[in-house]
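Peer 1: After the structure tokens below, expect a handful of questions from me.
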Amino acid sequence: GKFLYLARGVDCTILPALSSLSSQQAEPTETTLQRAHQLLHYLASQEEAILTYSASDMVLAVHSDAGYLNEPNARSRAGGHFFLSKDVLHPPNNGAILNIAKIIKNVMSSAAEAELGALYIMAREAIWIRVILEELGHKQPPTPIQTDNSTAAGIINNTVQPKQTKAMDMRFHWLRDRKLRDQLRFYWRPGTLNYADYMTKHHAPTHHRNVRSEFLTPQKQLLALRAAKLAKRSIQTALTISTIQAHINKHA
Numbered sequence: 003g004k005f006l007y008l009a010r011g012v013d014c015t016i017l018p019a020l021s022s023l024s025s026q027q028a029e030p031t032e033t034t035l036q037r038a039h040q041l042l043h044y045l046a047s048q049e050e051a052i053l054t055y056s057a058s059d060m061v062l063a064v065h066s067d068a069g070y071l072n073e074p075n076a077r078s079r080a081g082g083h084f085f086l087s088k089d090v091l092h093p094p095n096n097g098a099i100l101n102i103a104k105i106i107k108n109v110m111s112s113a114a115e116a117e118l119g120a121l122y123i124m125a126r127e128a129i130w131i132r133v134i135l136e137e138l139g140h141k142q143p144p145t146p147i148q149t150d151n152s153t154a155a156g157i158i159n160n161t162v163q164p165k166q167t168k169a170m171d172m173r174f175h176w177l178r179d180r181k182l183r184d185q186l187r188f189y190w191r192p193g194t195l196n197y198a199d200y201m202t203k204h205h206a207p208t209h210h211r212n213v214r215s216e217f218l219t220p221q222k223q224l225l226a227l228r229a230a231k232l233a234k235r236s237i238q239t240a241l242t243i244s245t246i247q248a249h250i251n252k253h254a
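Just so we're aligned, residue 3 is where the sequence shown starts under the numbering used here, counting upward by one.
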């Protein structure tokens, strides 16, 4: 629970590992123990997780993705990246306010169905976050939700009509309904631009090292920003003192 709070709120790099470990708690094995130790070693060896937030229009934006059949027992994984950005066609990324990595309980019959399942999970989360933001006085346009699956986007935007099961019908009709209410807006962009992709797979150490800085602020960068701010404040203080001294000398 403690690590899940950290992962969802700050350090999303541990979310896939936590999700997999939690799914094995009922029937743990030696492998489960080894993976738990590996996670603890990762947490102990990494620098402190730091999030940086930039000024924005306080408009909620979401990236959604799914990993198809990449978990045991033919299960798929859903990932989501929630952040506050600007009211533009493709909202620029910002520090995450919520990250999600979740194994979809049902067996998905295709990659498009897995993507729809992920979009359904993220959209349900987005609805209540919209309500909170509006209650705080931040009016929300239709919340943009990005996906990298053109079929899923086409189904929701009514440009593709598939033959699917009733369960899948419920998901995409619910998503279409929210779109028609102007609560949500779905759009496609390539997977390389989808920040939720990171939460849907288990990656090699090199990928973790390369991608970590996209989600978390490196400590060196933070220290440099603090040093620059301190230097600016020192200069402003020196100028103020100089101005006061000159005023005193003038009227002495």
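No residue lacks a Cβ here, since even glycine has one placed at the ideal position from N, Cα and C.
Note that the structure is a prediction, hence the values are computed from the model and not measured.
Using 8 Å as the Cβ pair cut-off and three pairs as the minimum, do the segment 34-47 and the segment 70-87 touch?
Peer 2: Taking 8 Å as the limit for Cβ pairs, the verdict is that the segment 70-87 does not touch the segment 34-47.
Peer 1: What is the DSSP secondary structure of Ala113, reduced to helix, strand or coil?
Peer 2: Three-state result, Ala113: helix.
Peer 1: Whole angstroms are fine: how far does the CA of Arg10 sit from the CA of Pro93?
Peer 2: Computed Cα separation, rounded: 21 Å.
Peer 1: Does DSSP put Cys33 in a helix, a strand or coil?
Peer 2: Here the sequence assigns Thr to residue 33, which means Cys is not the residue at that position. Looking at Thr33 - three-state DSSP - the assignment turns out to be helix.
Peer 1: May I ask you to list the residues that DSSP assigns as paired with Trp190?
Peer 2: Answer is Thr149.
Peer 1: So, do the segment 54-73 and the segment 34-42 have three or more beta carbon pairs nearer to each other than 8 Å?
Peer 2: Cβ pair count under 8 Å is below three, so no.
Peer 1: Can you look up Leu86 in the DSSP assignment and give me helix, strand or coil?
Peer 2: Strand at Leu86.
Peer 1: May I ask you to report which of helix, strand or coil DSSP gives Tyr55?
Peer 2: Looking at Tyr55 - three-state DSSP - the assignment turns out to be coil, as it is neither helix nor strand.
Peer 1: What do you reckon, are the CB atoms on Asn265 and Leu86 nearer than 9 Å?
Peer 2: Nothing about residue 265 can be reported from this structure: the residues present for the chain run from 3 to 254 only.
Peer 1: Find the nearest neighbour of Tyr200 within the set Ser25, Gly3, Ser66, judged by alpha-carbon distance.
Peer 2: Selected option, being the one with the closest Cα: Ser66.
Peer 1: Rounded to whole angstroms, how far is the Cβ of Thr153 from the Cβ of Ala114, which I believe are closer than 8 Å?
Peer 2: That pair is a contact at about 4 Å.
Peer 1: Out of curiosity, what's the CA-to-CA distance linking Lys181 and Gly139?
Peer 2: Cα to Cα, Lys181 sits roughly 22 Å from Gly139.
Peer 1: Where do the N-terminal and C-terminal ends of the beta strand (DSSP E) with Lys104 fall, by residue?
Peer 2: Segment 98-106, the beta strand (DSSP E) holding Lys104.
Peer 1: Could you check whether the segment 186-199 touches the segment 219-229, counting it as contact only if at least three pairs of C-beta atoms, one from each stretch, sit closer than 8 Å?
Peer 2: No: the two stretches stay apart, fewer than three of their Cβ pairs being nearer than 8 Å.
Peer 1: Relative to the alpha-carbon of Gly69, which residue among Ile16, Gln142, Thr149, Trp130 has its alpha-carbon at the smallest distance?
Peer 2: Closest option to Gly69, Cα to Cα, is Thr149.
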